[in-house]
Every structure is written in C-alpha cells, then in structure tokens.
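Numbering of the sequence shown is given in numbering that gives the first Met the number 0, commencing with residue 0 and proceeding in unit increments.
Even glycine gets a Cβ: it sits at the ideal position worked out from N, Cα and C.
No experiment lies behind these values; they were computed from the predicted model shown.
This report refers to the structure that appears directly beneath it.
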Amino acid sequence: MKKGTILTISFFLFACVSGLTGYIVYLHQDLFLKNNNWEGWALAAGPMAAWLIFAMIVASLPSGKGEPQKDEGEVEGDSQEPPPESADKEEEAQAIQEEEKDIEKLYPKEVAVVQLLGLLQREGRLIDFLQEDIEPYEDAQIGAAVREVHRGCRNALMNTLELRPVLDAGEGSEVEIEEDFDPSKIRLIGNLHGNPPYKGIIRHCGWRFTKLNLPEWTGKEKTDVIAPAEVEIE
0 MKKGTILTIS FFLFACVSGL TGYIVYLHQD LFLKNNNWEG WALAAGPMAA
50 WLIFAMIVAS LPSGKGEPQK DEGEVEGDSQ EPPPESADKE EEAQAIQEEE
100 KDIEKLYPKE VAVVQLLGLL QREGRLIDFL QEDIEPYEDA QIGAAVREVH
150 RGCRNALMNT LELRPVLDAG EGSEVEIEED FDPSKIRLIG NLHGNPPYKG
200 IIRHCGWRFT KLNLPEWTGK EKTDVIAPAE VEIE
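Written out as structure tokens, the structure reads:
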C-alpha cells in the first residue's frame, strides 16, 4: 500500500477519535476544564498529536521496490531494426533455400537422366558404344564388344532398378485385352479393328520398374556432364 493512502486513512481515523474526545470534553467541561485542568486539553489534542507522530514515522519508512523502468535509450533500442549482420544472414539463408528448391525442381528431369546415363557409361561404356561407327568392323569384333557392354550395363541396371514384366505371361502366349486396358502399359499392333475386348498374341512382355535406387544428388549446380573427360598425366 502506498504511503499517501496510509496517511489519508490514518488521518481520517485519528480525526474521528479527536472529534470524539473533543465532544466528551465539551460535555464534561466542569470535570476536564475546571481550574485549567491539563487532562482536558491533553484528551482533546492527544489524537492529532499522535497522528502527527505516526505520519512522521510512515514518511521515514523506505519506499517499496517497484519494477525497474526502462529509460528512453532502452525503449528506443528495443524498437531498432536488427543489425546489418543479422539481415545478411537472413538473406543468405533465404538464398540457400531457393537454391535447394531449384535443385529439387531439377532432380526429376535432367539430374535423373544424367545419373542413369552416367551409370550405364561408367559400368558398360554404353555411350561410347552407341556413338561409335561400327560399320567398318566385322561381326565377330562387334560381338566381342557387345558382350562387354551387355555385361556392364546389365549389372548397372540390376543394381539401380528393380524390373518386372508388364504382362506376366511369356512371349507367344495368347491373352485377352479387356475394354478398360491402360494404353500406357499395353500397345496394340497388327490387324486392329472393332472395339475391345481383343484377343492377341504377346510379342513383347514390356518392362516396368518397381524400385529405383539412384544415388542422392549432391551437386549444387545444374550439369550436362554424363561422363567426365579423362586425361592421363605423364
């Protein structure tokens, strides 16, 4: 409770007591004021004198500790903008996030192609073989080269893709194509007329992958390099 409130309440109480004692002295003047008796004056003025002493005691008491107030400098400091260093860090973090988003957009297209072709080139020299003009070579020479390409590319595919046939029946088997068949999975060839269902012979079972194990892309920039050039230093 504040000092001002305490003094106001106490003054009111002591004033009531002083008025009551004054009224008593007034009613019994013959008793208290006869022959200038000091008891009457003391009884009338005593409450106010006691209040003055009480007020001096209250005024001398230490004030209660309040919450520290911020000076103007501190208030202004809170409202100031962050230092330039913090702003630079925020811009750098935002740039990194945008770069990661660009890489994610790149991954499903160019990066997957680069990784898969790079893998086939590294393991089976597929790009070298396809880019080579094989017309001048004999069949026996080509057959030996194809064997090496086949072995390397097959191992690469087996380690990267889990392949399954689109149609489980073997080639040459008769199959019925329902009306709601998926054209992306089954391509109809031959003498095609009328509406499904159709009956036909499987000429190729097709292929689909059930699992893809391409390594995670760790590059920070878009690349068109399928296989790097090799330079031997002598």
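Could you have a look at ARG121 and say whether DSSP puts it in helix, strand or coil? Counted from its first residue, the sequence shown places residue 121 at position 122. Residue state, collapsed to three classes: helix.
Measuring CB to CB, does THR209 end up less than 9 Å from ARG163? For the purposes of this step, residue 209 is taken as the residue at position 210 of the sequence shown. For the purposes of this step, residue 163 is taken as the residue at position 164 of the sequence shown. Closer than 9 Å, so yes.
So ILE200 and ILE126 are in contact, right, with Cβ under 8 Å, and what is the actual spacing, rounded? For the purposes of this step, residue 200 is taken as residue 201 along the sequence shown, with counting starting at 1. For the purposes of this step, residue 126 is taken as residue 127 along the sequence shown, with counting starting at 1. With a Cβ gap of about 35 Å, ILE200 and ILE126 do not count as contacting.
Rounded to a whole number of angstroms, what is the C-alpha to C-alpha distance between GLY169 and CYS204? Along the sequence shown, read from residue 1 onward, the residue named residue 169 stands at position 170. Along the sequence shown, read from residue 1 onward, the residue named residue 204 stands at position 205. One C-alpha to the other measures close to 7 Å.
Proximity to ARG207 [Cα-Cα], best of GLU233, ILE141, ASP167, ARG121: The residue you call residue 207 lines up with position 208 of the sequence shown. Comparing Cα positions, the closest option is ASP167.
Consult DSSP for ARG207 and reduce its assignment to one of helix, strand or coil. Position 208 of the sequence shown holds residue 207. Residue state, collapsed to three classes: strand.
GLU175 - containing beta strand (DSSP E), residue span: The residue given as residue 175 occupies position 176 in the sequence shown. Start and end: 173-176.
Beta-bridge pairing of GLY199 - partner residues as DSSP gives them: One-based indexing of the sequence shown puts residue 199 at position 200. DSSP, once it has assigned bridges, lists VAL174 as partnering GLY199.
Looking at GLN114 and LEU191, is the spacing between their C-beta atoms short of 9 Å? Here residue 191 is taken as the residue at index 192 of the sequence shown, counted from 1. Here residue 114 is taken as the residue at index 115 of the sequence shown, counted from 1. No, Cβ-Cβ distance for LEU191 and GLN114 is not below 9 Å.
Selected residue, minimal CA-CA separation from LEU211, among ASN158, PRO196, ILE188: Along the sequence shown, read from residue 1 onward, the residue named residue 211 stands at position 212. Of the listed residues, the one whose Cα sits closest to LEU211 is ASN158.
Rounded C-alpha distance that separates PHE128 from GLU231: Within the sequence shown, the letter at position 129 stands for residue 128. Within the sequence shown, the letter at position 232 stands for residue 231. Their backbone Cα atoms lie some 21 Å apart in a straight line.
Kindly indicate which residue of GLY123, TYR197, GLU90, ALA144 has the alpha-carbon position closest to the one of ASP179. Walking along the sequence shown from the start, residue 179 turns up at place 180. For ASP179, the nearest C-alpha among the options comes from TYR197.
Contacting residues, own chain, Cβ-Cβ under 7 Å from ARG124 (five flanking each side not counted): Translated into positions along the sequence shown, residue 124 becomes position 125. Closer than 7 Å at Cβ, skipping near neighbours: VAL148, GLY151.
On the premise that ILE176 lies in contact with ILE185, defined as a C-beta separation below 8 Å, what is that separation, rounded to the nearest angstrom? The residue given as residue 185 occupies position 186 in the sequence shown. The residue given as residue 176 occupies position 177 in the sequence shown. With 8 Å as the limit, ILE185 and ILE176 qualify as a contact, their Cβ atoms being about 6 Å apart.
Is it the case that the Cβ atoms of ASP223 and GLU90 are separated by a distance below 9 Å? Position 224 of the sequence shown, counted from the start, is the residue given in the question as residue 223. Position 91 of the sequence shown, counted from the start, is the residue given in the question as residue 90. Contact flag unset, no.
So, are the CB atoms of ALA94 and LEU119 less than 9 Å apart? Within the sequence shown, the letter at position 95 stands for residue 94. Within the sequence shown, the letter at position 120 stands for residue 119. Result no, Cβ atoms of ALA94 and LEU119 do not sit closer than 9 Å.
Rounded straight-line distance, which links the Cα of GLY142 to that of GLU161: Against the sequence shown, residue 161 aligns to sequence position 162. Against the sequence shown, residue 142 aligns to sequence position 143. Those two C-alpha atoms are separated by around 27 Å.
On the DSSP bridge list, what partners appear for GLU161? Counting from 1 along the sequence shown, the entry for residue 161 is found at position 162. GLU161 pairs with LYS210.
Where GLY189 sits in the DSSP three-state scheme: For the purposes of this step, residue 189 is identified with residue 190 of the sequence shown, where counting begins at 1. Reduced to three states, the DSSP call for GLY189 is coil.
When we look at the beta-carbon of PRO227 and count the other beta-carbons within 10 Å, is it buried (16 or more) or exposed? By 1-based counting over the sequence shown, the position of residue 227 is 228. It is exposed - the Cβ of PRO227 has fewer than 16 other Cβ atoms within 10 Å.
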